[in-house]
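So the sequence lines, in the order shown, correspond to chains A and B.
Counting from 1, one number per residue, gives the positions in the first sequence under my numbering.
Counting from 1001, one number per residue, gives the positions in the second sequence under my numbering.
Just so it is clear, CB atoms sit at the ideal spot from N, CA and C, and this is done for glycine as well.
As the structure is a prediction and not an experimental result, all values here were calculated from the model.
Worksheet: the structure to be examined is printed underneath.
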Amino acid sequence: MGKPAVININNANIPHEQKSDDSLIMLFQSGEKGVFRHLVDRYQEKVRNLIFSIFNESDIVDDLAQEVFIKAYEGLNNFRFQSSFYTWLYRIAVNRSRDEMRRRKVRRFFTFHSVESTTNLKLENLITTKFDDENIKETIEQSLQKLPEKYRMPIILKDIDGFSYDEIAEALDCEVGTVKSRLSRGRAMLKELLKPMFAN
Amino acid sequence: MKQFDTKELERIISLFLDGELEPDEARKFEEFLENNPSVAREFKILNAAKRSLSAKEKLPANDWFWLRLSNTIESKESRKAKLIPTARPQLALTMAALFTVAVIAAVYFKDAPLFHKFFVDKKNQVQNSLMTGNILPLFSNLDKVDVLNFALFGSIQIDSANNTSLRVKNTEDKGSQIEIVRREHDDIIPVVSVSDFCEKVGIIKPQQQLTVDSILGTYKEKLLASVLVSENKEIAIHEQLVDLNRAMVSTIAASLEPRQRTKFQRILEEHQAPFAVFALNVPKVESQLLLRNIPRMSRSNKYVVISKDTVSIAEMKMNIDSIRDVAYRQRSMAHRIAMEQMVREISELQRQFENNVVISGTQSSRVRVFSNENAFRINLEAPAAIAPEFEMVEMVRPRVYAPSIPKRGFKGGVTVIGDSAFSFEIPADDEAVRVFKRLPRGEFRFEIVDSIERSPKMKIMFKSTPSKREFESKLREMRERERELIDLDSLLRESERTLNSEKPTPPKKTPKVFDL
Chain A
1 MGKPAVININ NANIPHEQKS DDSLIMLFQS GEKGVFRHLV DRYQEKVRNL
51 IFSIFNESDI VDDLAQEVFI KAYEGLNNFR FQSSFYTWLY RIAVNRSRDE
101 MRRRKVRRFF TFHSVESTTN LKLENLITTK FDDENIKETI EQSLQKLPEK
151 YRMPIILKDI DGFSYDEIAE ALDCEVGTVK SRLSRGRAML KELLKPMFAN
Chain B
1001 MKQFDTKELE RIISLFLDGE LEPDEARKFE EFLENNPSVA REFKILNAAK
1051 RSLSAKEKLP ANDWFWLRLS NTIESKESRK AKLIPTARPQ LALTMAALFT
1101 VAVIAAVYFK DAPLFHKFFV DKKNQVQNSL MTGNILPLFS NLDKVDVLNF
1151 ALFGSIQIDS ANNTSLRVKN TEDKGSQIEI VRREHDDIIP VVSVSDFCEK
1201 VGIIKPQQQL TVDSILGTYK EKLLASVLVS ENKEIAIHEQ LVDLNRAMVS
1251 TIAASLEPRQ RTKFQRILEE HQAPFAVFAL NVPKVESQLL LRNIPRMSRS
1301 NKYVVISKDT VSIAEMKMNI DSIRDVAYRQ RSMAHRIAME QMVREISELQ
1351 RQFENNVVIS GTQSSRVRVF SNENAFRINL EAPAAIAPEF EMVEMVRPRV
1401 YAPSIPKRGF KGGVTVIGDS AFSFEIPADD EAVRVFKRLP RGEFRFEIVD
1451 SIERSPKMKI MFKSTPSKRE FESKLREMRE RERELIDLDS LLRESERTLN
1501 SEKPTPPKKT PKVFDL
């Protein structure tokens, strides 16, 4: 998982926008705090969308994303280059989201028969359309929200954010094997939730 | 392919879905799917769900994100910096003080509901406050051409596409107006560049060009601080805005030589600018004196705050320097477009209140909003409250358009207007202007007529006629003596005396011209 901290910082002529994350972090750690802005510019939308995917509520996205970046700013001096910056950032975002869930004391009880959708969608429609049907999308997203957090998070990172298993493991701070099993279990649950819609 | 138990099947489907199976395994699984339609169906559901999730719509970008974040970080950093040198005894003292305050508060608000209400009220007060969140100037990317054209025409474009503009009008009798107007297709917006302006006015000397440049730069800062946009989607327009272009024209006119000023007046006339320069012959004011006397900050804290559904007048203390600093850091086009978009949205919503009137403020300062599909206009119905604080050299008057000049029987003599008013015309030289400026307004008013001629005329109109005969005789007497300059001081003193001693003459029914 660890990555050698071999970083070329002899790139003074390259504008900050084009520098790698690691180079920017090195500069930050050497006291050039202003470069943090470039890291924020790079990842703010990703973090915001991750939080949006987790909660499916746009109202809290910016507040939480702000807190994530503040935590990142405060912890960046201790960043040891053992993982990539963005998985480290995602870990902060995931942990902060978990805190928020705990704070809200939301307990999501999972049941296979809890799909409320009355739409009698056909599987073929679902497969052949380009997902321009908002109802289908919404139903899938709602079903995802019904999954317990530990199964939902890997699916979000894999299917929405396109992370690899290794990256998910880093972001969730667990083993790759755990990621795989949670993904397969989560998907099985999701499939069961979606099944009643395709009865016909 | 071998049969799987449920758990193993779930695992393989998941890996296959992610393209993580070895090629050989993948091929075998594909065969398995072909032979097991029920599993294939389940796989299709998951595949569809995966595709749907990967195409999940992204949130719209938040252009305020970095600004808000950097402010929070800055304040955290400064708090940290303050805390670090704090010695422990001081910390203990602070804690003790806080504890004391808490005890006093607890005693004071011993009634718990009252205590709770106090904080709820405070919270509501804060929540309901105007202009919350980050505040930025709408016009942070202005250049001097924009400022010059705002000075000349009282209009400044809000959006880059030039579809919406902000206009100000200032009339002596009807108060001031701020309009956010959607541009008509056939609207021609004149643009005068600074170099064209200097060339037409005859500003050749570098020193004088520098003065004009400095005036525009100074007013650019004022303009920047006059229209602010907040994160909670409100626009605050400082009341000084309605007077800014008048003050700018006046200051530019004061910096010019009399000949240049006449040319300047010609440009204003050509472009039908809202103001006309009347003091054409007074000497120019030294640039240093002029620039030194432009107040940097406005004394007033009064803003017209426009939100999506309300318009109000509010007293707000803004830290303009800080706002300006932030503006210079946030000069990106993205920010500007985001703010333009916001203003457009708010103005669009305001326009929906057709013929709507919002009245706010007290008797001394009221604001009314009129809107239709193309514009919404804010009338500040308190001309006296809008003090021309920037105008230390009064050089201009609102331009009088031809249709508003009464034409009846006006041929150079004394003209009776309506039932009780009359007017006459004299050469508009500097002394005459000076004398009239010193007199109290109300009883009469004066206008420059044909001001771009070599010898401009001044038309003086009086509200009442009791001293008409006195005027006539006095004027006739002066004409007889062939005096070029009328001693208006003594003339008006006499008229006042007559007004106080005589009863008004009965009003005349038909206009009459007295030939002098």
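Own chain, CB closer than 7 Å to residue i, minus 5 neighbours either side, in chain order
i       : result
L1017/B : L1046, N1047, K1050
L1148/B : V1192, V1194, F1197, L1216
N56/A   : E141, Q145
A65/A   : Q44, V47, R48, I51
I1203/B : Q1209, V1212, Q1260
L24/A   : H16, V35, H38, L39
L1033/B : V1039, A1040, F1043
S1075/B : none
Residues of its chain near residue i, where Cβ-Cβ distance is below 6 Å and the 5 sequence neighbours each way are ignored
i       : result
K1144/B : V1194, L1216
A1338/B : D1063
S83/A   : E170
S1155/B : S1165, R1167
A1102/B : none
T1218/B : I1294
CB-CB length for residue i against residue j, believed under 8 Å
i       : j       : result
R48/A   : D62/A   : 7 Å
V1249/B : A1151/B : 5 Å
K150/A  : R103/A  : With 8 Å as the limit, K150/A and R103/A do not qualify as a contact, their Cβ atoms being about 18 Å apart.
V1343/B : L1009/B : Contact doesn't hold; Cβ gap of about 58 Å is too wide.
E1294/B : V1242/B : Rather than Glu, the amino acid found at residue 1294/B in this sequence is Ile. About 17 Å; that fails the 8 Å criterion.
D41/A   : F81/A   : About 21 Å separates the two Cβ atoms, so there is no contact after all.
I1323/B : I1135/B : 6 Å
S53/A   : K1056/B : 7 Å
R37/A   : K71/A   : Not confirmed; about 16 Å, so no contact.
V179/A  : L172/A  : 7 Å
K1200/B : P1274/B : Incorrect: roughly 19 Å between the Cβ atoms, too far for contact.
L1289/B : S1214/B : The Cβ separation is near 12 Å, so there is no contact.
G177/A  : L147/A  : In fact, because the Cβ distance is near 20 Å, the residues do not count as touching under 8 Å.
Where residue i sits in the DSSP three-state scheme
i       : result
K1028/B : helix
K1169/B : strand
A1260/B : The question names Ala, yet the displayed sequence has Gln at residue 1260/B. In this structure, Q1260/B counts as helix in the three-state DSSP scheme.
I14/A   : coil
E1156/B : Here residue 1156/B turns out to be Ile, not Glu, going by the sequence shown. Here I1156/B sits in strand by DSSP.
H1238/B : strand
I1294/B : coil
I1203/B : coil
K1058/B : coil
E1315/B : strand
K195/A  : helix
R1011/B : helix
G31/A   : coil
A1225/B : coil
T1006/B : helix
W1064/B : coil
Distance, residue j Cα to residue i Cα
i       : j       : result
R1068/B : A1253/B : 43 Å
E45/A   : T1132/B : 24 Å
S1052/B : E1025/B : 26 Å
E1234/B : I1378/B : 15 Å
I92/A   : P154/A  : 15 Å
L76/A   : I1073/B : 13 Å
S30/A   : S20/A   : 16 Å
T87/A   : R98/A   : 16 Å
V35/A   : M26/A   : 10 Å
L175/A  : I168/A  : According to the sequence provided, residue 175/A is Glu. The question's Leu does not apply to it. Those two C-alpha atoms are separated by around 9 Å.
E1345/B : I1180/B : 12 Å
N78/A   : L157/A  : 25 Å
F1099/B : R1079/B : 21 Å
V1304/B : S1054/B : 46 Å
Q18/A   : K1317/B : 41 Å
A953/B  : Y165/A  : In the structure as shown, chain B starts at 1001 and stops at 1516, and residue 953/B therefore has no counterpart that could be examined.
E1221/B : L1091/B : 42 Å
DSSP beta-bridge partners of residue i
i       : result
S1230/B : I1135/B
K1144/B : Its beta-bridge partners do not exist; DSSP assigns none.
K1302/B : E1315/B
Other residues of its chain near residue i: CB distance less than 8 Å, five sequence neighbours each side excluded
i       : result
K1007/B : none
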